[in-house]
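Report on the following structure.
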Amino acid sequence: MNAARQEALAEYPHLYIGGAWVAPVAGEVVESIDPSTGRPWARVAFGGAADIDAAVQAARVAFGPWSRRPGHERAALLRRLADLYERAAPELARLESRDNGRALRETRADIGGHHNAWHWYASLADKGSGRTIPIEDSVLAFTTRKPVGVVGAITPWNVPLMAALWKLGPALAAGCTVVLKPAEHTPVTSLELARLFEQAGFPPGVVNVVPGWGAGGAGERLVAHPDVAKIAFTGEGGTAKAILHAGADSLKRYTFELGGKAPHILFADADFEQAINAATGSAWALCGQSCALGSRVLVERPIYERAVEEFTRRAARVRVGPALREETHMGPQAHAEQLAKTLGYVEIGRREGAQLACGGRRLEGDAYGAGYYVEPTVFAGVGNDMRIAREEIFGPVAALIPFDGEDEAVALANASSYGLAAGLWTRDVGRALRVSSRIEAGMVWVNTYRYIRWSTPYGGVKASGWGRENGMECIEPYLDVQTTIISKSGRFPDPYAT
Ligand code: ADP
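Structure (structure tokens):
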């Protein structure tokens with residue numbers, strides 16, 4: 209027996225419901241696979257409908273007192289959580305890399321900054337002011353803001369902690385209580401997060417964490433539950449549609465952060481070196497598994513051949529390997545289905561007539577074992593109507609599409625069902641302003657890429673989603689507006705007097 213086989217599995221036998229660690233009612237335990245090895249590394253309790261019902265009930269009971277608690281007290285608890293999170297971040301990064309295969313250098317950088325975001329959300333907790341509205345002098349009209357109620361947060365496997373942060377931060381600051389259902393492939397760090405909420409002293413039921421399946425399982429029950437007021441979801445468009453159907457009977461409200469096929473536009477006048485740094489970095493970051501990555505690289509024709517050569521040269525420098533190895537640039541795909549999907553798209557690209565400039569194969573052999581590794585991949589000669597340019601692959605596949613001039617760049621950029629993000633590189637300020645304003649995307653980066661902060665709104669248009677996370681706007685979907693109108697005279701004429 210080799211050393212890896214002897215390693216005991218990490219045990220996560222409990223769900224976090226109502227401030228207690230409880231076994232799932234149906235007793236289901238699922239092995240979580242380490243994508244770097246293709247072998248199980250943890251055993252995790254999965255909840256079902258009965259556990260979701262218990263969690264929603266706990267959140268409902270907790271909602272009244274939590275929503276009435278002064279904002280500065282909710283803020284103080286969130287700050288305590290932020291401090292605990294900062295201390296736990298190195299271990300959280302390690303666990304997240306283990307569970308989803310994202311290279312440690314990336315999870316460390318990302319999760320290492322999350323405490324700033326928790327602090328920022330804390331700062332929103334006592335800012336939910338209403339306004340007075342001038343109408344007739346005989347009345348006073350004003351609005352107040354009220355938390356919507358119990359929130360169901362459903363998160364994906366590519367960035368489990370970040371997705372939870374972006375939902376729980378504003379929800380808790382607003383005074384909502386939460387049931388978090390992490391993705392079935394990556395439940396571990398959400399349970400670790402529950403531990404931090406417990407340590408921080410949040411009242412029981414304010415945050416509940418129930419790992420489980422999506423369709424037909426905990427996720428679906430959470431969406432259908434009549435006492436859940438709002439669903440905050442990050443995942444696929446098809447899942448969002450299923451969620452809309454399942455939630456229809458209870459008329460829920462939603463924020464959706466869905467997919468993307470972001471155009472990353474390289475004009476010939478750009479600083480070529482910087483543009484290539486950003487374009488290659490964003491094509492292969494997270495092993496291609498993020499919706500905001502620039503997976504469609506639109507390159508102006510005079511620099512097209514050079515860009516293909518440079519992409520190919522950079523691909524050879526990418527160190528693919530186990531997520532926890534320090535030197536690894538790019539870890540494996542997060543699970544076996546995703547690996548198969550990416551390899552399937554490589555085949556589709558070939559059949560569609562795109563030229564595979566490099567990569568496209570699974571990496572196998574002693575160094576890779578049964579892990580889900582794939583080469584950084586570059587397709588040249590891609591047409592914007594090909595499936596590899598239209599559909600979200602979620603693998604490290606860059607599709608390089610040539611264009612001529614500004615108008616064609618904009619037309620190609622917008623010829624997509626998605627509209628999450630876009631990037632453009634140019635030294636011409638006027639062009640930067642013209643092109644960015646014409647692009648249909650929730651976020652545009654100019655001479656930079658994937659610049660993401662808690663204080664700037666994140667989200668998409670078209671099929672990329674509804675609503676925004678982060679930024680001052682992030683708290684709106686968690687608050688209702690109540691309008692109050694008070695008569696100064698208290699007189700109300702008898703409508704039937706004459
Ligand atoms: P991905 O392909 O990134 O896994 P999904 O949209 O399938 O994206 O999954 C994102 C999250 O949605 C996961 O937590 C998953 O369990 C959950 N989910 C999937 N299907 C449903 C559903 N029908 N109802 C509620 N949640 C679901």
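For the sequence shown, position 463 (counting from the first letter as 1) is numbered 671 according to the working numbering, and the numbering increases by one without interruption.
Think of the CB as a built atom: it goes at the ideal place given N, C-alpha and C, for glycine as much as any other residue.
It should be emphasised that the depicted structure is a prediction, and the values quoted were computed from it without experimental measurement.
By Cβ distance, which residues of its chain are closer than 7 Å to residue i, with the 5 residues on each side in sequence left out?
i	result
A448	F441, F464 and L466
T634	F475, D477, A478 and A640
A371	T363, P364 and T442
D435	V264, R268 and V358
S695	S346 and V347
V431	G360, I439, I451, A454 and G455
W492	V526, M538, P584 and P604
G255	L223, P232, V418, P419, G420 and A426
In chain order, what residues of the same chain lie with their CB nearer than 8 Å to the CB of residue i, ignoring the 5 residues before and after it?
i	result
G650	G627, L628, A629, P665, Y666, G667, G668, V669, S672, G673 and R676
R661	N678
R288	A408 and G409
A562	F587, A588, G589, V590, G591, M594, I596 and A607
W328	G377, W662 and S663
T656	A486 and G631
Kindly list the residues whose CB is nearer than 6 Å to the CB of residue i, restricted to its own chain and excluding five residues on each side of it in sequence; keep chain order.
i	result
T159	The chain is shown only over 209 to 706; residue 159 falls outside these bounds and no answer can be derived.
G529	T536
V652	A630 and S644
E600	G467 and K469
A212	Caution is warranted here: a pLDDT of 49 is assigned to A212, below 50, making its placement in the model unreliable, and the coordinate value is therefore given only provisionally. Counting only Cβ-Cβ distances below 6 Å, and skipping sequence neighbours, we find nothing.
E518	I484
P395	V252 and P419
K375	A361 and A440
I225	A262, A263, A266 and N416
Tell me, please, which residues DSSP counts as bridged to residue i.
i	result
M651	A629
M538	V528
V229	The sequence shown places Trp at residue 229, rather than the Val named in the question. Its beta-bridge partners are Y224.
K438	V359 and R461
R504	P471 and A607
R570	V582
T634	Beta-bridge pairing links T634 to no other residue.
R353	V689
R251	E219 and E239
Distance check for residue j and residue i, CA to CA, integer angstroms please.
i	j	result
S697	A349	14 Å
L532	V252	21 Å
A250	P221	10 Å
A391	S398	9 Å
V415	A426	16 Å
A218	A515	45 Å
H472	R282	40 Å
N210	T520	Because N210 carries a pLDDT of 49, less than 50, the predicted location of this residue cannot be relied on, and the following value inherits that uncertainty. Cα to Cα, the separation comes out at about 37 Å.
A257	P232	10 Å
N485	Q497	18 Å
D173	L373	Any question about residue 173 goes unanswered here, given that the chain covers just 209 to 706.
E428	F700	49 Å
S624	K549	20 Å
A234	V526	44 Å
R522	A565	12 Å
A228	L494	34 Å
G377	E444	22 Å
L707	R658	Because the chain spans 209 through 706 in this model, residue 707 falls outside it and cannot be assessed.
V618	E648	9 Å
G321	E314	11 Å
L620	G638	20 Å
E555	V238	32 Å
V505	G552	20 Å
A301	G309	11 Å
R353	H280	16 Å
G577	R316	24 Å
L401	I241	20 Å
The beta strand (DSSP E) spanning residue i covers which residue range?
i	result
S695	L687 to S695
R533	Taken as a continuous stretch (DSSP letters only), R533 belongs to no beta strand (DSSP E), as it is neither H nor E.
L564	Q563 to C566
N678	From DSSP, N678 is part of no beta strand (DSSP E); its letter is neither H nor E.
K389	T385 to K389
A487	Counting along the chain, A487 falls outside any beta strand (DSSP E), though it belongs to the alpha helix (DSSP H) covering F480 to W492.
At what residues does the alpha helix (DSSP H) containing residue i begin and finish?
i	result
V618	G613 to N622
W374	P368 to A382
I260	A257 to R276
R558	A544 to E560
E428	A426 to A432
E406	V396 to A408
S240	Looking at the DSSP string, S240 is not in any alpha helix (DSSP H); the run it does join, the beta strand (DSSP E), is V237 to D242.
> Which ranges does the beta strand (DSSP E) cover as unbroken runs of at least 3 residues, wholly within the segment 288-325, from first to last along the chain?
Replying inline: none
> In chain order, which alpha helix (DSSP H) runs of at least 4 residues are fully inside the segment 586-612?
Replying inline: 595-598
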